[in-house]
Amino acid sequence: MSDVTVKQLAEVIGTPVDRLVSQLEEAGLPAKGADDTISDDEKVKLLSYLRRSHGKVEGESDVEIAEPKKITLKRRTVSELRQKSSGPGKSSKTVNVEVRKKRTYVKRSVVQAEEQAKIDEQARIEAEALRKEEEARLAAEAAVALEESVRKQAEEEAAAKLKAEEDVRAKAEEDERARVEAEKKAAAPAAAEPKKPATKGRGPDKEKASASKTKYGRKELHVSGDKSGRRKKKSRGRSRVTSTGGEHAFERPTEQVVHEVSIPETISVGDLAQRMKVKAGEIIKVMMGMGSMVTINQVLDQETATIVVEEMGHIPKMFSESAIEEEMIATAAFGAAEGETITRAPVVTIMGHVDHGKTSLLDYIRRTKVASGEAGGITQHIGAYHVDTDKGMITFLDTPGHAAFSAMRARGAKVTDIVVIVVAADDGVMPQTREAIQHARASGVTTIIAINKMDKEGADPKRVSQELVAEEVVPEAWGGDVMFIEVSAQTGQGVDALLDAISLQAEVLELKAIKDCPATGVVVESRLDKGRGTVATILVQNGTLKKGDFLLTGSEYGRVRAMLDENGKPIEEAGPSIPVEILGLSGTPDAGDDVLVVENERKAREVAAFRHSKERDTKLARQQAAKLENMFSHMEGGEVTDLNIVLKADVRGSVEALCDSLTDLSNEEVRVKIVSSGVGAINESDAQLALTSGAIMIGFNVRADGTAKRLIADEDIDLHYYSVIYDAIDEIKSSILGMLKPIYKDEIIGLAEVR
3 MSDVTVKQLA EVIGTPVDRL VSQLEEAGLP AKGADDTISD DEKVKLLSYL
53 RRSHGKVEGE SDVEIAEPKK ITLKRRTVSE LRQKSSGPGK SSKTVNVEVR
103 KKRTYVKRSV VQAEEQAKID EQARIEAEAL RKEEEARLAA EAAVALEESV
153 RKQAEEEAAA KLKAEEDVRA KAEEDERARV EAEKKAAAPA AAEPKKPATK
203 GRGPDKEKAS ASKTKYGRKE LHVSGDKSGR RKKKSRGRSR VTSTGGEHAF
253 ERPTEQVVHE VSIPETISVG DLAQRMKVKA GEIIKVMMGM GSMVTINQVL
303 DQETATIVVE EMGHIPKMFS ESAIEEEMIA TAAFGAAEGE TITRAPVVTI
353 MGHVDHGKTS LLDYIRRTKV ASGEAGGITQ HIGAYHVDTD KGMITFLDTP
403 GHAAFSAMRA RGAKVTDIVV IVVAADDGVM PQTREAIQHA RASGVTTIIA
453 INKMDKEGAD PKRVSQELVA EEVVPEAWGG DVMFIEVSAQ TGQGVDALLD
503 AISLQAEVLE LKAIKDCPAT GVVVESRLDK GRGTVATILV QNGTLKKGDF
553 LLTGSEYGRV RAMLDENGKP IEEAGPSIPV EILGLSGTPD AGDDVLVVEN
603 ERKAREVAAF RHSKERDTKL ARQQAAKLEN MFSHMEGGEV TDLNIVLKAD
653 VRGSVEALCD SLTDLSNEEV RVKIVSSGVG AINESDAQLA LTSGAIMIGF
703 NVRADGTAKR LIADEDIDLH YYSVIYDAID EIKSSILGML KPIYKDEIIG
753 LAEVR
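Its first residue numbered 3, the sequence shown is counted upward by one per residue in this note's numbering.
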């Protein structure tokens, strides 16, 4: 191609002259004007520069040149914008708007090549790191092997040195032993010769007095015969091996003495230390090492004490204190019950759901009006009665049906022979009905179903039977083994049939008891009566209980000062299956405790004191475990608010039921804590305890005495009286709700659109 001017080249390639001139300058060519000529070499240089600026590399093929790796597109658009003037009579303005856009497109192969290069570089770095790590590991292994070989060599040298020293020592001991033997043999004939009289003076040839005798002629004990009374200077030279002829010297035991340690159900740290013949501080150190801080008087349970004994290298021997208790009871009691057996009356427990007519049915049988006199119309403690019917004598226990009295119902099923489950014909099977069935089934006693309220219009006995079959209680009419009796406590319908069924079951059971022997029985209920003291309702199960007998029940004891029947009339004695109220016990026993007539009051007091200390130790151990659990629960779940309650009730069973029901109301934020509970009227000490602990006072069927009333009024203590358990539970529920923290949440009440 011949030389052309810059202007001609610009026309050929279709670009402005100014742009071509600037590109020539950028390519490093001499300055050119529009009319200057440009040679072929300069054209090639310009082309190479333009290719490089657009991403091309020298030496690429024609195909690669034809397909650029990077393309830059520039776009320019020009438009006009008319702007109206604000004033009247003025013409509109025209504004030229120029928009420039620039986009660069890169070929995918270039990006992939860059990514591949990065991946290769990363792989190379990782391989290098692995190689260095392997080299470091091999170097470490070599160092360990070298160190091990050096250590083994040092051990071998030390062992050889020790063996050589032992050989030298053994040889020296052997030589010394031979020398001593030779001296003894040489001294033997000399001892037989008479001693020369000692000459006066302190010459060197003076004989020394025998070291084995003191100046008073007595033999010296616990010291060697070759030792003098004076202290000698310590020699600075090497100590020589000398034989000591001391007699009766104490030798310290080289092995640890292993003791066999007997561990009861609960034991204090101090007692455990005495049994192991060690100091209490050592046990405390071991417990600290196990992660538990204890004091010398702290009570440990049997399992913890066993672990401590094993940790200290002794042999634990666990035993139950009930064996000791049984032995004490055996010595306190008169002996085995012997005598003629008689047929006793059956003990029948009336169970069922609340307000299904249990007490009303019993009223009709007793022909009294108990239900109308009860608070809220519901039974809240066990009532024990014996009734003389045409079919013979029957003892009835009336249990409460409310859910809170589960323990009372279980206790009633435990001491009974026959369970009568009352189900309302218009209400059907309810939660406490199912619970009564479970208690009766667990006790293994005979069950009779009484379908009550048959006089009502909505009575449906078939539906009740179907619901009971679903609970696996099948009537005899349907091929089962349970008697179903339809009764009405209002009209008396079916009551005779129910009594016949009870008598029939009692004959089948062949209930026997010994009458002429010391009495045994069970506590049905106990309370603290103002003026009379402790009053306990006892069901005699065997023997005859007489006025003046010494009783032992649980951790309480006493002499029967008075005995009353269920109508409050005094009686002198009570035979098997007879419920009585007795006065004279040292305290209110727990319902369900066994009653035993003992020989004298001293033995009864011993057993009661033993049981009391055992209960105290168990309670302390339980409190310690509860403190630890509370600490961990505080650590895990933030702060918990305590609702303290001081509870007093009329009978022991109501105290148990209220404690269980109120404690079950606790949740994650509020915990119900029974600070104190007891039987009897609210006194001044209860009020002081409520004042110091900031507790709510609850009196269930009891009132505060005069001193307590004044203190409560002066200090404005929160006191509530209740006679129905529902009201007490509802009041505490509302108190807990008031203590809960508010929960904030967003609630959508509607949707709106803003336009």
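Glycine included, every Cβ here is placed at the ideal spot set by N, Cα and C.
Asked: Going by the beta-carbon positions, is the gap between S428 and K393 smaller than 7 Å?; Found: The displayed chain sequence assigns Asp, not Ser, to residue 428. Result no, Cβ atoms of D428 and K393 do not sit closer than 7 Å.
Asked: Under a Cβ-count criterion, where at least 16 other Cβ atoms within 10 Å of its own Cβ denotes burial, should P433 be classed as buried or exposed?; Found: exposed
Asked: Is it the case that the Cβ atoms of V606 and L667 are separated by a distance below 7 Å?; Found: It should be pointed out that residue 606 corresponds to Ala in this sequence rather than to Val. No.
Asked: Does the contact criterion of 3 or more C-beta pairs under 8 Å hold for the region 525–535 versus the region 676–683?; Found: yes
Asked: Relative to the C-alpha of L598, which candidate in E717, S736, N544 and L364 has its C-alpha closest?; Found: N544
Asked: Note down the Cα distance separating S50 from T79, rounded to an integer number of angstroms.; Found: 30 Å
Asked: For A156 and K163, I'd like the C-alpha separation in whole angstroms.; Found: 10 Å
Asked: Could you check which residue in V271, I15, P18 and A145 has the C-alpha nearest to that of G283?; Found: V271
Asked: Quick check: the region 576–585 against the region 557–566, are there 3 or more CB pairs under 8 Å?; Found: yes
Asked: Considering only C-alpha positions, which residue in the set G708, V674, L664 and V677 is nearest to Y728?; Found: L664
Asked: Decide if R346 is buried, meaning its Cβ has at least 16 other Cβ atoms within 10 Å, or exposed.; Found: buried
Asked: Under the rule that 16 or more other beta-carbon atoms within 10 Å means buried, what is L148, buried or exposed?; Found: exposed
Asked: State the Cα-Cα distance for the pair M395 and Y559, rounded to the nearest angstrom.; Found: 30 Å
Asked: On the DSSP bridge list, what partners appear for G281?; Found: According to the sequence displayed, residue 281 carries Lys and not Gly. According to DSSP, which records beta bridges pairwise, K281 is partnered with nothing at all.
Asked: Name the two residues that bound the continuous beta strand (DSSP E) containing H722.; Found: L721 to Y724
Asked: If E670 and L693 are in contact, beta carbons under 8 Å, what's the gap, nearest whole angstrom?; Found: No, E670 and L693 are not in contact; Cβ-Cβ is about 28 Å, not under 8 Å.
Asked: Taking a contact to mean a Cβ-Cβ separation below 7 Å, would you say L541 touches V526 in this structure?; Found: yes
Asked: Could you spell out the range, first to last residue, of the alpha helix (DSSP H) harbouring L742?; Found: Looking at the DSSP string, L742 is not in any alpha helix (DSSP H), and its letter there is neither H nor E.
Asked: Helix, strand or coil: how does DSSP classify H614 here?; Found: helix
Asked: Return the residue from the list D518, Q495 and D483 that minimises the CA-CA distance to I453.; Found: Q495
Asked: I127 to G291, Cα distance in whole Å?; Found: 49 Å
Asked: Under the rule that 16 or more other beta-carbon atoms within 10 Å means buried, what is Y724, buried or exposed?; Found: buried
Asked: Using only alpha-carbon positions, find the residue among V475, D592 and G550 that is nearest to A576.; Found: G550
Asked: May I ask which residues mark the beginning and end of the alpha helix (DSSP H) holding Y746?; Found: Unbroken run through Y746: none, as it is neither H nor E.
Asked: Quick check on the burial criterion: 16 or more other C-beta atoms within 10 angstroms. Buried or exposed for A386?; Found: buried
Asked: Let me check one thing: in DSSP terms, what residues is K103 bridge-paired to?; Found: R77
Asked: Where do the N-terminal and C-terminal ends of the alpha helix (DSSP H) with Q468 fall, by residue?; Found: P463 to A472
Asked: Please list, in chain order, all residues of the same chain as L739 whose beta carbon is under 7 Å from its beta carbon, the five residues on each side excluded.; Found: none
Asked: In its own chain, which residues sit with a C-beta less than 8 Å from the C-beta of W822, not counting the 5 before and 5 after it?; Found: Absent from the structure is residue 822, since the part of the chain shown begins at 3 and ends at 757.
Asked: Quickly, what does DSSP pair F398 with across the bridge? List them, please.; Found: V350 and Y387
Asked: So, is V537 buried or exposed, given that buried needs 16 or more other C-beta atoms within 10 angstroms?; Found: buried
Asked: What distance in whole Å lies between the Cβ atoms of K548 and L574, which are believed to be in contact at a cut-off of 8 Å?; Found: Reading off the sequence, residue 574 comes out as Glu, not Leu. Yes, E574 and K548 are in contact; Cβ-Cβ is about 7 Å, under 8 Å.
Asked: Does T665 come out as helix, strand or coil in the three-state DSSP assignment?; Found: helix
Asked: Quick check: what's the CA-CA separation for R465 versus L645?; Found: 44 Å
Asked: Please report the residue range of the alpha helix (DSSP H) in which S55 lies.; Found: D42 to S55
Asked: Is C661 closer than 7 Å to S679 when the C-beta atoms are compared?; Found: yes
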